[in-house]
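Novice: Counting in my numbering, the sequence shown runs from -7 upward without gaps. Here it is, the structure, as structure tokens.
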Amino acid sequence: MRFSTLVLLTVFVPVLAWGQAGALADLEGMVVDEAGAGIPGATLVVTNKETGVERRGETNAIGRYRIAALPASEYDLRVSKTGFATVERRGLVLQVGQVATVEITLPVATQVQQITVTEAAPMIETARHTVGAVVNRAEIDNLPINGRNFLDYARTVAGVTAQQSSGQGSGLSFNGQRGRSNNITVDGADNNGQLNGNTRLTMSQEAVREFQVVSNLFAPEFGNAGGGLVNVVSRSGSNQYQGNVFFFIRDESLDGRNAFATGADKPPFNRKNTGATLGGPWRRNKTFFFAAIEYMDRNESDITTISDSAVRTINSVLASRPIPNAGVKSITNGAFPVDRIDTLASLRIDHSFGPKDNVMFRYIFGQTRESNGGGVGIGQLVDVSGGGGQKGRDQSFLGSWTHVFTPTLLGETRVQFAPRRLTQYANDPIGPRVTISGVATWGRSANFPVLLDEGRWQFTQSFSKQLGRHYFKFGTDIQDIRAHTSFPSNFGGTFSFASLNDFVAGRVNQFSQGFGNPDIRLPDTLLGFYFQDTYRPTEKLSLTYGVRYDYDMQPQGIPRDRNNPIEAGLQDGIHRDANNIAPRVGITYNPDGKGRLLIRTGYGLFYDKIFLLVARNALIARSTLTLASAQATEQLTRGAFPQSRLFPTGFALPRPSLNLVDSNIEIPYSQHSTFGVERAIGNNWMVGGAYVFVRGVQGLWARNVNLAPPIVLTAENAASLGVARPTPQQIGRRYYGSARRLDPNYNNIFVVASDASSTYSAGTLTVQKRFSRGLQFRANYTLSRTIDFCGDFTQAEAPADTYDMRSERGLSDQHQKHRFTLTGVYELPWKNRIYGNWMLSTHWVLRSGVPSTVTVGSDVNGDGNNNDRPFVGAYTLGRNTSIGYASHVVDVRLSKVIPLREKMKLQILAEAFNVQNRVNYNSRNLTWGTDLQPRDTLYQVQGAASPRQIQMGLKFAW
-7 MRFSTLVLLT
3 VFVPVLAWGQ
13 AGALADLEGM
23 VVDEAGAGIP
33 GATLVVTNKE
43 TGVERRGETN
53 AIGRYRIAAL
63 PASEYDLRVS
73 KTGFATVERR
83 GLVLQVGQVA
93 TVEITLPVAT
103 QVQQITVTEA
113 APMIETARHT
123 VGAVVNRAEI
133 DNLPINGRNF
143 LDYARTVAGV
153 TAQQSSGQGS
163 GLSFNGQRGR
173 SNNITVDGAD
183 NNGQLNGNTR
193 LTMSQEAVRE
203 FQVVSNLFAP
213 EFGNAGGGLV
223 NVVSRSGSNQ
233 YQGNVFFFIR
243 DESLDGRNAF
253 ATGADKPPFN
263 RKNTGATLGG
273 PWRRNKTFFF
283 AAIEYMDRNE
293 SDITTISDSA
303 VRTINSVLAS
313 RPIPNAGVKS
323 ITNGAFPVDR
333 IDTLASLRID
343 HSFGPKDNVM
353 FRYIFGQTRE
363 SNGGGVGIGQ
373 LVDVSGGGGQ
383 KGRDQSFLGS
393 WTHVFTPTLL
403 GETRVQFAPR
413 RLTQYANDPI
423 GPRVTISGVA
433 TWGRSANFPV
443 LLDEGRWQFT
453 QSFSKQLGRH
463 YFKFGTDIQD
473 IRAHTSFPSN
483 FGGTFSFASL
493 NDFVAGRVNQ
503 FSQGFGNPDI
513 RLPDTLLGFY
523 FQDTYRPTEK
533 LSLTYGVRYD
543 YDMQPQGIPR
553 DRNNPIEAGL
563 QDGIHRDANN
573 IAPRVGITYN
583 PDGKGRLLIR
593 TGYGLFYDKI
603 FLLVARNALI
613 ARSTLTLASA
623 QATEQLTRGA
633 FPQSRLFPTG
643 FALPRPSLNL
653 VDSNIEIPYS
663 QHSTFGVERA
673 IGNNWMVGGA
683 YVFVRGVQGL
693 WARNVNLAPP
703 IVLTAENAAS
713 LGVARPTPQQ
723 IGRRYYGSAR
733 RLDPNYNNIF
743 VVASDASSTY
753 SAGTLTVQKR
763 FSRGLQFRAN
773 YTLSRTIDFC
783 GDFTQAEAPA
793 DTYDMRSERG
803 LSDQHQKHRF
813 TLTGVYELPW
823 KNRIYGNWML
833 STHWVLRSGV
843 PSTVTVGSDV
853 NGDGNNNDRP
863 FVGAYTLGRN
873 TSIGYASHVV
883 DVRLSKVIPL
893 REKMKLQILA
903 EAFNVQNRVN
913 YNSRNLTWGT
923 DLQPRDTLYQ
933 VQGAASPRQI
943 QMGLKFAW
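Set out below in structure tokens:
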């Protein structure tokens, strides 16, 4: 393949109509005579140019055809009918999720017996209802990517941003929805963790053919996602043996300096990626294989930004009054090591039994070992002792079978088994954990250690039928999941202090510790059924409608205390929501009938999931004991922290806290609607605009239901409420107090319920240029506003005032008012052997700041949560009212291909991430303090994204 031909494919292609198989593509259209009348009974033969495999079809009584479930590839289409000339259409590139419309005119057979047509695909796809894009193989090969995680390319699509909320998830937010609310599929099978919604290890970037990103109005055959869909397709072999060997390297000597690094030398940073691929025919035109392996070794650094003065003060206290048997004797700041080793391997085998039957087997293996990485919550104001490491292994075995019953009836079957195992450990295995609000945190994390074993069986079956101008599709998706988790949450105990002075004086604001059996087994079964129809009343108008039904058989057997009036009304298990009916409809209209202008609109309901984390938390947190505010100060420390005895004589055993699940909990869902217009300009330009609205309903939210109605705290009643030394931020505040509980036998009772909602409203503008004259690019601008009540369902996201939950409504963690992305590839015009084959590519992401919440830093209202917001004059500061710094990141890549022999080449490349070396601050001190005036450290920056980093690479391909 010529170098320029490879670049020609480097273009985002819009996602097309519903009705396609999940990991495949469809070809449809009309076959007409020269007068425009449909020709029934015409024979169509579509040939995969890479494998030689053929599929056959036939037009129906009105001349319409549809050849479904074609693997993404380049095809030749041959159409014939007795009495007419044969027409061959060459070079049809089909992409994952696409329904390509190709209209064929057969002239009457005279002296011309065959006509061959080769032309580029139209810039506008007239059947498209969805909002999104396809990232193809050439795009993955040629654009710069920091970290070689191909899913990061999804962030260049309008409406897709990096996940900002604290909970685990996919790392992506679609249309302001939570990062847990997406579905990542690989070859049509789910690739998500059912416990917490995170994305499992997949495969090497070299093993990905392309992937589809759908942010709005995906088809009824896709479920279990209220946000968006990423549909990944693995590479398959062809009739030509091909492969590569590659090596990428980074080193701190080439990089910029972190703005928070101290000392004369740069913190260590070294990363190496090595790997290879091999694909080809096992038996030409019949059996093909593709294998890939990649090994990544990272020896890097991160920064702790605890101030020098705080480190000295804390270490002085720890040295003079050591905690008995504690695991941490001192803390540090500055650089600390971050190490990670990943191994990714995959194998895919395809076999064709003939035009009617094709099978595929695919295996994925992923293994990681990490120490102090990004998922353990250290750096900035958290000492390295507060982190840990993890070891993980993910596997996926997938088989699929496509069978053509008749030219108008097709069936597709998939079976997947996907086991995973994850273990996480704490750097400090003993504890306790100590937090000084806005100053420093150290010691064993409340979230470590963790053991997770999860096994997933998935079976999907679909049938497609063409009938006149209708194309029907229906099917089922059944998943059986078995999870085993061990999570000794907060078993080491946690001390919280409102300020550094309180720590020095030994005044504990809060103490909590978990007890009990952390070993939990969680079964779950997901059932999904769908029906959809694509109707073409005219060639200008397309209507797609359908419905999906999902049923989640949540874990049962969660024990309840029938003597507790709060628990007595709850059921023994997670409520099984049975009314999850999701209708969806999309309309496209092509006014000129030539594909130059497209108007599209649509609406749909999309149900999310209730993750097993909800049930796990309800089971493991039944034995957590919490001492809050005055109770902690007066009973636990009895003078100064720490004591020689953790629990002094006369210590009163605190009341336990509980995590429960509301009996009427419902599966969250979102309502998606969109209206858009696209216009083709010339043969290679397209501009488009769209309005997108998404409303999230029944979002999961945790709140404390054991709080008695609050009393305004004054200087006069403070003592009677158990507050011996009220702070300025407590006077005049609605106060609960640890003694004031509806059920006096318990302290806090957090219930997860379907109480939250969200709205996302956005306008998008897209300009796209297809490759011509050596240049292609795609630019997106999004102006949006996202509002919600909470970012997740964990206790950290509970309302600051349970009796005033509406005050939580504000800008979402995911809100980004302005966002601009650009990807581009430019083939430098030099053509001779020495100076030719140079390519320059770039990837820009420019966005406005994201919102965050300023807090007092301690539990000043006595509800057991340290998320209280400060008084500012006569008002209480709202949630997410502080907007952070904007981020501008420009990545570039320069590469040269050196031809060696026939079909052999060497590619040399250099990539620069954040090439302008801009300091993109990503963390600030958001602790106000307990006085009416804020601390001097409020809004002080605590961290920044990576400085400029350089990566060099070599790739030998054949």
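In this text, a Cβ means the ideal position worked out from N, Cα and C, and glycines have one as well. As the structure is a computational prediction, the values presented were derived from the model and not from experiment.
I'd like the ranges of any beta strand (DSSP E) spanning at least 3 consecutive residues and lying wholly in the region 193 to 255.
Specialist: Within the region 193 to 255, the complete beta strand (DSSP E) runs of at least 3 residues are 200 to 208, 221 to 226, 234 to 243.
Novice: With three or more C-beta pairs closer than 8 Å as the rule, is the region 150 to 170 touching the region 227 to 247?
Specialist: No, because fewer than three Cβ pairs between the region 227 to 247 and the region 150 to 170 fall closer than 8 Å, the two stretches do not touch.
Novice: When the Cα of A64 is compared with those of N128, I107, R81, which residue comes out closest?
Specialist: Measuring from the Cα of A64, the nearest candidate turns out to be N128.
Novice: Output needed for S456: all residues of its chain with C-beta closer than 6 Å, excluding positions within five of it in sequence on either side, in chain order.
Specialist: Within the same chain, S456 has close Cβ partners A60, L402, K465.
Novice: Might you give, ordered along the chain, the residues of its own chain that have their beta carbon closer than 8 Å to the beta carbon of G890, omitting 5 neighbours on each side?
Specialist: For clarity, residue 890 is Ile in the given sequence; the question names Gly instead. Excluding sequence neighbours, I890 sits near N829, K897, L898, Q899, I900.
Novice: Do Q546 and I602 have their C-beta atoms within less than 8 Å of each other?
Specialist: Contact flag set, yes.
Novice: Can you grab the Cα-Cα spacing for the pair R276 / L270, in whole Å?
Specialist: Near 16 Å, if we compare the C-alpha coordinates of L270 and R276.
Novice: Specify the secondary structure class of D494 as computed by DSSP and reduced to three states.
Specialist: Helix.
Novice: Report yes or no: do the region 667 to 677 and the region 759 to 768 share at least 3 C-beta pairs separated by less than 8 Å?
Specialist: Touching, per the Cβ criterion.
Novice: Label V100 either buried or exposed according to how many other C-beta atoms from any shown protein chain fall within 10 Å of its C-beta, with 16 as the threshold for buried.
Specialist: That one is exposed.
Novice: Run through DSSP, which three-state label would N134 get?
Specialist: N134 falls in the helix class under three-state DSSP.
Novice: Starting from S993 and walking both ways along the alpha helix (DSSP H), at which residues does that stretch end?
Specialist: Beyond the ends of the chain as shown, which are -7 and 950, falls residue 993; an answer cannot be given.
Novice: Go to R608, then tell me how far its beta strand (DSSP E) extends in each direction, as first and last residue.
Specialist: No beta strand (DSSP E) holds R608; the alpha helix (DSSP H) holding it covers 604 to 612.
Novice: At 3 residues or longer, and completely inside the region 365 to 403: list those beta strand (DSSP E) runs for me, N to C.
Specialist: Fully enclosed beta strand (DSSP E) runs of 3 or longer: 380 to 398.
Novice: Would you please state the rounded distance, in angstroms, between the beta carbons of V744 and A694? I believe it to be under 8 Å.
Specialist: Contact flag correct, Cβ pair sits at about 5 Å.
Novice: Could you tell me the boundaries of the beta strand (DSSP E) in which P575 lies?
Specialist: Run containing P575: 573 to 581, per the beta strand (DSSP E) assignment.
Novice: Inspect the CB distances between the region 176 to 188 and the region 399 to 414 and report whether three or more fall short of 8 Å.
Specialist: Verdict: yes, contact present.
Novice: Can you check whether the CB of L918 is closer than 8 Å to the CB of V846?
Specialist: Their beta carbons are under 8 Å apart, which means V846 touches L918 by this criterion.
Novice: Applying the criterion that 16 or more other CB atoms from any shown protein chain within 10 Å of the CB defines a buried residue, is G492 buried or exposed?
Specialist: Looking at the sequence provided, one finds Leu at residue 492 rather than Gly. Flag for L492 reads buried.
Novice: Give the single residue among T296, M115, T35, E66 whose Cα lies nearest to the Cα of V933.
Specialist: The shortest Cα separation from V933 among T296, M115, T35, E66 belongs to T296.
Novice: Which of the three DSSP states, helix, strand or coil, is assigned to Q623?
Specialist: A caution first: Q623 carries a pLDDT of 49, below 50, which makes its placement in the model too unreliable to give a value.
Novice: Could you have a look at R147 and say whether DSSP puts it in helix, strand or coil?
Specialist: Correct three-state label for R147: helix.
Novice: Could you check the C-alpha separation between R647 and N739 for me, to the nearest Å?
Specialist: One C-alpha to the other measures close to 5 Å.
Novice: Excluding the 5 residues preceding and the 5 following G55 in the sequence, name in chain order all residues of the same chain whose CB lies nearer than 8 Å to its CB.
Specialist: Once the five neighbours on either side are set aside, the close Cβ partners of G55 are M22, V23, V24, A29, G30, I31, P32, A34.
Novice: I'd like the span of the beta strand (DSSP E) that includes Q546, first residue to last.
Specialist: From DSSP, Q546 is part of no beta strand (DSSP E); its letter is neither H nor E.
Novice: Terminal residues of the continuous beta strand (DSSP E) containing D525?
Specialist: Per DSSP, D525 belongs to the beta strand (DSSP E) from 511 to 527.
Novice: Can you tell me where the beta strand (DSSP E) with W836 in it begins and where it stops?
Specialist: Element bounds for W836: 830 to 839.
Novice: Contact between the region 145 to 152 and the region 206 to 220: three or more CB pairs below 8 Å?
Specialist: Counting Cβ pairs under 8 Å, three or more are found: they touch.
Novice: Taking the Cβ atom as the reference point for each residue, do S162 and T194 lie within a distance shorter than 8 Å?
Specialist: Cβ atoms of S162 and T194: not closer than 8 Å.
Novice: Touch check for the region 419 to 435 and the region 370 to 381: three-plus C-beta pairs under 8 Å?
Specialist: The region 419 to 435, when compared against the region 370 to 381, does touch it at the 8 Å Cβ threshold.
Novice: Run the CB neighbour count on W274, radius 10 Å, all protein chains shown included, and call it buried at 16 or more, exposed below.
Specialist: Looking at its Cβ environment, which holds fewer than 16 other Cβ atoms inside 10 Å, W274 is exposed.
Novice: Once DSSP output is grouped into helix, strand and coil, what is the label at Y95?
Specialist: Note that residue 95 is Glu in the sequence shown here, rather than Tyr. Here E95 sits in coil by DSSP.
Novice: Quick check on this structure: which residue in V817, N859, T873, N482 has the alpha carbon closest to the alpha carbon of G841?
Specialist: Comparing Cα positions, the closest option is T873.
Novice: Which term fits E131, buried or exposed, when burial requires 16 or more other beta carbons within 10 angstroms of its beta carbon?
Specialist: Classification of E131: buried, given that the 10 Å Cβ count is 16 or more.
Novice: In whole angstroms, what is the alpha-carbon distance linking T778 and N216?
Specialist: Approximately 22 Å, taken between the alpha carbons.
Novice: Distance, Cα to Cα, A949 vs R474?
Specialist: Taking the straight line joining both Cα atoms gives about 42 Å.
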